[in-house]
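First comes the structure, then the notes that go with it.
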Amino acid sequence: MVSCKNDRHNSSQAFQQVSGSDFRKNNGIRTESFDSFFQRFKTDSVLQLSSINFPLKNILRYEEGDTIKVINRRDWKFWKFETEKTYITTRQETGSNKAAAILEMEDTGVHVTYHFVKNNDEWKLDVIEDEST
Numbered sequence: 108m109v110s111c112k113n114d115r116h117n118s119s120q121a122f123q124q125v126s127g128s129d130f131r132k133n134n135g136i137r138t139e140s141f142d143s144f145f146q147r148f149k150t151d152s153v154l155q156l157s158s159i160n161f162p163l164k165n166i167l168r169y170e171e172g173d174t175i176k177v178i179n180r181r182d183w184k185f186w187k188f189e190t191e192k193t194y195i196t197t198r199q200e201t202g203s204n205k206a207a208a209i210l211e212m213e214d215t216g217v218h219v220t221y222h223f224v225k226n227n228d229e230w231k232l233d234v235i236e237d238e239s240t
């Protein structure tokens, strides 16, 4: 079962929507939804660093073929997911343990997908896929 949430906002609004304490019960265990986790991930530098599977694979998709780069923990720079430009974000939770956040900036050709996996009830950024033109 796939659940999609599409948001199209100005950058000043898109990432300020906070879903609060959006937790679901799963066999008596509180499980955080992806949307709730992502709201914290994009604004909390400590959480962001601890919620990435390092070394992080960064796939750059080109017409000539793919280039794979690896980002190590020491090379990661906090990404606020906020810019001055207008952008579109799409968050997709696929099943119970996979999700993606897609960042597109209007009129720029930017299209980056952040793939997350859930392991032991913790969401982690697993792969970045950049299909920007």
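Using this note's numbering, read the sequence shown as starting at 108 and increasing by one per residue.
We put the CB at the ideal spot given by N, CA and C, even for glycine.
- Boundaries of the beta strand (DSSP E) harbouring ASP237: 229 to 237, taken from the DSSP string.
- Between THR174 and LEU167, the alpha-carbon positions lie close to 5 Å from each other.
- Boundaries of the alpha helix (DSSP H) harbouring ASP142: 141 to 148, taken from the DSSP string.
- Around the beta carbon of GLU200, a 10 Å sphere encloses 16 or more other beta carbons of the protein chains shown; the residue is thus reported as buried.
- Assignment of ASP151 by DSSP, reduced to helix, strand and coil, places it in the coil class.
- Of the candidates THR196, ARG198, PRO162, PRO162 places its Cα closest to the Cα of TRP183.
- Burial is judged here by how many other beta carbons sit within 10 angstroms of a residue's own beta carbon; THR196 has at least 16 and is buried.
- Cβ neighbours of GLU170 within its own chain (closer than 6 Å, five residues either side excluded): none.
- The C-beta distance from THR240 to GLY202 rounds to 30 Å, too long to meet the 8 Å contact threshold.
- Check the Cα spacing between THR220 and each of GLU238, LYS176, ASP228, GLU213: the tightest is with GLU238.
- Judged by DSSP in its simplified three-state form, ASP182 adopts helix.
- If you draw a straight line from the Cα of LEU232 to the Cα of ASP214, it is about 27 Å long.
- Across the structure, TRP230 and LEU210 are spaced so that their CA atoms are roughly 18 Å apart.
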